[in-house]
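S.K.: Once you've had a glance at the structure underneath, I'll fire off some questions.
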Amino acid sequence: MKHIRNFCIIAHIDHGKSTLADRLLEFTNTLDKSSITSQVLDNMDLEKERGITIKSHAIQMNYVHNGTEYTLNLIDTPGHVDFSYEVSRSIAACEGALLIVDAAQGIQAQTISNLYMALEHDLVIIPVLNKIDLPSALPEEVSDDIVALLGCDRSEILRASGKTGEGIEDLLNAIVERVPAPTGSPDGPLQCLIFDSVFNPFRGIIAYFKVCNGVIRKGDLVKFVATGKEYDADEVGILKLDMVPRQEIRTGDVGYIISGIKSSKEVKVGDTITHVKGGAQEAIAGFEEVKPMVFAGVYPIEAEDFENLRASLEKLQLNDASLTFQPESSAALGFGFRCGFLGLLHMEIIQERLDREYNMSVITTVPNVSYIVHDKKGKVTEVHNPSGLPDPAFIDYIEEPYIRASVITDVAYIGPIMTLCLGKRGILVRQDYIWGNRIEIIFDMPLGEIVIDFYDKLKSVSKGYASFDYHIHDYRESKLVKLDIRLNGEPVDALSTLTHASNSEAFGRRMCEKLKELIPRHQFDIAVQAAIGAKIIARETIKAVRKDVTAKCYGGDISRKRKLLEKQKEGKKRMKQIGSVEVPQKAFLAVLKLDS
């Protein structure tokens, strides 16, 4: 055990985690030169294109230091706020963390968020200044920032470049010297912490774990504590670039288990594995069920693709257990699914994967969050969909989720950022000058206000300099109303939203104006109305496409023209009664881009 080092890499998006991991693998000869590609651990095309890590990955390296061979287990973590629970479990499986900071960009919101998480788990932090080869790098200034944040000595900060490989040897030596060996009892009852799982079409769900106490051997009868299910350990092994089977995995090491599990619901990140006979009495602390925060309807463009969409979502769920879905139907869009996502990036990635991996073109409705509705009889229900809201006459009050948001920015952009956050019903908690001209502003904001276009706006008002991080804080009572959109008096359920009473009229008006632009003209007039209950708060009319029926009348009595116009008017009236309005897909997405 004293020759094992478990460490993870934490950083903000695009600070060079994956590139630095490539250099570590190359330097320790874990990969030969011929098999090295950029971002080796990011095995999804989407990850490589966007330059983000979506799934955490683990890999074992061997490194000789002062004549002794050490086993280094690297657990790579996603950088985006949506995947923070996965990051927390990866951190719990480690004893040390490399804190990567881009020498050109400095410290960002997600860096601080993940750093606090690592400190909570008592990890040893090794600060690393990455991308020092860039012409725009400011190593001295950013080193001052790191010293101010960590309270460490300047000499403890390592300088490296993931691109050129500079400083990699110093980094490996620091991991061996500074990161403590894992603790635990090899003779105690088995306790393994699951920090990730992947789906293999031939072998089922493969769980990645760290052995905290005891020894797990091939063929053992094991139990997953959170689900209570029992399995045979058909294969256990360690994680190199491919999986390498072993007869046993001992305390402090990281490995995988294959036991023929077919359903993603049976393996939960953060769960504990123990032996059925003589196993541990209690689970490792910190396990939580992952709760989706953003909900949206996903509908196939062609009605006959409904079953294909279900099969695609089920396969995706095997790879990504945080995706939830249940069938729902809409009068406007037919049959589809109400899906739950961890956040907006997660939703975007699922949509993209449906299109790429399963060739499914889908319509996604306006994303919304879950609300807690208290009725006058004292019954409490959780509502994920505006159409599931009870009759307003029976509602006592509605609670909506609030987030604690942290924005780190340059002092020059405080004004526009304050205006943006306060406009989204934000409540300023505090602002702290971190160092120099960098400031951290803490807001409490309704999650429903940020799920649509907040992040894009924040980037534009701060010219890309602001970084944003949030976590769910609590639920608070709010005066929310259901805004319905009606076309010719018929409500379109897929366009209905829950919004705050204070901005419902302006929102309804903008919706009607936008739909007037996007819905093509028909053979009859279309009334586009925004309504709260029975009260119409905004209206626009899309005029009919009309044929010039009087063109053939040249001269003659006016009554001839009037007779033709009256006849046309009657036809339009009849058509309006039986005609249905075609709503294009971009109208459903209009709500997301109302201000653009």
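Numbered per the UniProt record's numbering, the sequence shown spans residues 1 to 596. We treat Cβ as the ideally placed atom computed from N, Cα and C, and that holds for glycine.
(1) Would you check if the distance between the CB atom of Arg23 and the CB atom of Ile132 is smaller than 7 Å?
(2) Specify whether the stretch 454–461 and the stretch 489–505 touch according to this definition: at least 3 beta carbon pairs, one from each stretch, less than 8 Å apart.
(3) Residues in the same chain with beta-carbon distance under 6 Å from Glu230, minus the five sequence neighbours each way, listed in chain order, please.
(4) Is Met347 helix, strand or coil when you go by DSSP?
(5) With a cut-off of 7 Å, does the C-beta of Asp271 fall near any C-beta of chain C?
(6) For Leu422, which three-state DSSP category applies?
(7) Output the distance between the C-alpha atoms of Ser596 and Asp456, rounded to the nearest integer angstrom.
(8) So for Pro189, helix, strand or coil by DSSP?
(9) In angstroms with no decimal places, state the Cα-to-Cα distance between Pro390 and Asp396.
(10) Near Asp432, which residues of its chain fall below 6 Å by C-beta distance, leaving aside the five closest residues on each side in sequence?
(11) Roughly how many angstroms lie between the CA atoms of Gly286 and Thr28, to the nearest whole one?
(12) With respect to the beta strand (DSSP E) encompassing Arg438, which residues constitute its N-terminal and C-terminal limits?
(13) Can you tell me whether Leu119 is buried or exposed? The criterion is at least 16 other CB atoms within 10 Å of its CB, across all chains shown.
(14) Rounded C-beta distance between Phe468 and Leu318? I'm assuming under 8 Å.
(15) Could you give the DSSP three-state label for Arg217: helix, strand or coil?
(16) Tell me which residue opens and which closes the alpha helix (DSSP H) that Pro139 is part of.
(17) How is Tyr358 classed by DSSP in three states: helix, strand or coil?
(18) Buried or exposed, going by whether 16 or more other CB atoms sit within 10 Å of the CB of Asp42?
(19) Would you kindly check if the distance between the Cβ of Pro401 and the Cβ of Tyr299 is under 7 Å?
(20) In angstroms with no decimal places, state the Cα-to-Cα distance between His3 and Ser161.
(21) For His346, count the other beta carbons within 10 Å of its own beta carbon; 16 or more makes it buried, fewer makes it exposed. Which is it?
(22) Report the residue from Leu483, Arg159, Gly204 and Lys379 whose alpha carbon sits nearest the alpha carbon of Ser263.
(23) Counting only the same chain and skipping the five closest in sequence on each side, list residues whose C-beta sits under 6 Å from that of Val411.
(24) Looking only at C-alpha atoms, which of Ala501, Gly448 and Val215 sits nearest to Val294?
(25) Considering only their Cβ atoms, is the gap separating Pro292 from Thr324 smaller than 7 Å?
(26) Taking buried to mean at least 16 other C-beta atoms within 10 Å of its own C-beta, is Phe524 buried or exposed?
(27) So, using beta-carbon positions, are Val254 and Lys210 closer together than 7 Å?
(28) Using only CA atoms, which one of Asn130, Val87 and Ala104 lies nearest to Tyr116?
(29) Report the residue from His522, Glu540 and Leu313 whose alpha carbon sits nearest the alpha carbon of Ala530.
(30) Whole angstroms is fine: what's the gap from Arg546's alpha carbon to Glu570's?
(31) Just curious, the beta strand (DSSP E) that Gly340 is in, first and last residue?
(32) Can you give the beta carbon distance from Ser197 to Val267, rounded, assuming they're within the 8 Å contact cut?
(33) Return the bridge partner residues of Ala527 from the DSSP annotation.
(34) Is the beta carbon of Arg178 sitting closer than 7 Å to the one on Val124?
(35) Where do the N-terminal and C-terminal ends of the beta strand (DSSP E) with Arg178 fall, by residue?
(36) Under three-state DSSP, which class holds Gln568?
M.R.: Looking at the atomic coordinates:
(1) Taking a C-beta distance under 7 Å as the contact criterion, Arg23 and Ile132 do not qualify as a contact pair.
(2) By the criterion of at least three beta-carbon pairs nearer than 8 Å, the stretch 454–461 is not in contact with the stretch 489–505.
(3) Closer than 6 Å at the Cβ level, and outside the excluded window around Glu230, lie Lys223 and Val276.
(4) Note: Met347 maps to helix in three-state DSSP.
(5) No chain C appears in this structure, which consists of one protein chain only.
(6) Correct three-state label for Leu422: helix.
(7) A caution first: Ser596 carries a pLDDT of 49, below 50, which makes its placement in the model too unreliable to give a value.
(8) Looking at Pro189 - three-state DSSP - the assignment turns out to be coil, as it is neither helix nor strand.
(9) So the two alpha carbons sit approximately 11 Å from each other.
(10) Cβ within range, chain order: Glu440.
(11) In a straight line, the C-alpha of Gly286 is about 33 Å away from that of Thr28.
(12) From DSSP, the beta strand (DSSP E) with Arg438 extends over Arg438 to Pro446.
(13) Its Cβ having fewer than 16 others within 10 Å, Leu119 is exposed.
(14) The C-beta separation of Phe468 from Leu318 comes to about 31 Å, leaving the pair out of contact by the 8 Å criterion.
(15) Note: Arg217 maps to strand in three-state DSSP.
(16) Start and end: Pro139 to Leu150.
(17) Of the three classes helix, strand and coil, the one that applies to Tyr358 here is helix, per DSSP.
(18) The predicted position of Asp42 is uncertain, since its pLDDT is 47 and thus under 50; a value taken from the coordinates is nonetheless stated next. Buried, since its Cβ has 16 or more Cβ neighbours within 10 Å.
(19) Contact annotation: Tyr299 and Pro401 have beta-carbon atoms that are not nearer than 7 Å.
(20) Straight through space, the alpha carbons of Ser161 and His3 are spaced by roughly 27 Å.
(21) Buried.
(22) Cα-wise, what sits closest to Ser263 is Gly204.
(23) Answer for Val411: Asn437 and Ile439, listed in chain order.
(24) Comparing Cα-Cα distances from Val294 to each of Ala501, Gly448 and Val215, the minimum goes to Gly448.
(25) Yes. Within cutoff.
(26) By the neighbour-count criterion, in which 16 or more other beta carbons inside 10 Å mark a residue as buried, Phe524 falls on the buried side.
(27) Going by C-beta atoms, Val254 is nearer than 7 Å to Lys210.
(28) The option with the nearest alpha carbon to Tyr116 is Val87.
(29) Nearest option by C-alpha distance: Glu540.
(30) In this structure, the straight-line span from the alpha carbon of Arg546 to that of Glu570 is close to 13 Å.
(31) If you look at Gly340, you'll find it in the beta strand (DSSP E) that goes Gly334 to Phe341.
(32) Rounded, the Cβ-Cβ distance is 5 Å, consistent with contact.
(33) Bridge pairing for Ala527: Thr541 [DSSP].
(34) For Arg178 and Val124, yes; Cβs fall inside 7 Å.
(35) Where Arg178 is concerned, there is no enclosing beta strand (DSSP E), although the alpha helix (DSSP H) around it starts and stops at Ile168 to Arg178.
(36) Here Gln568 carries a helix assignment [DSSP, helix/strand/coil].
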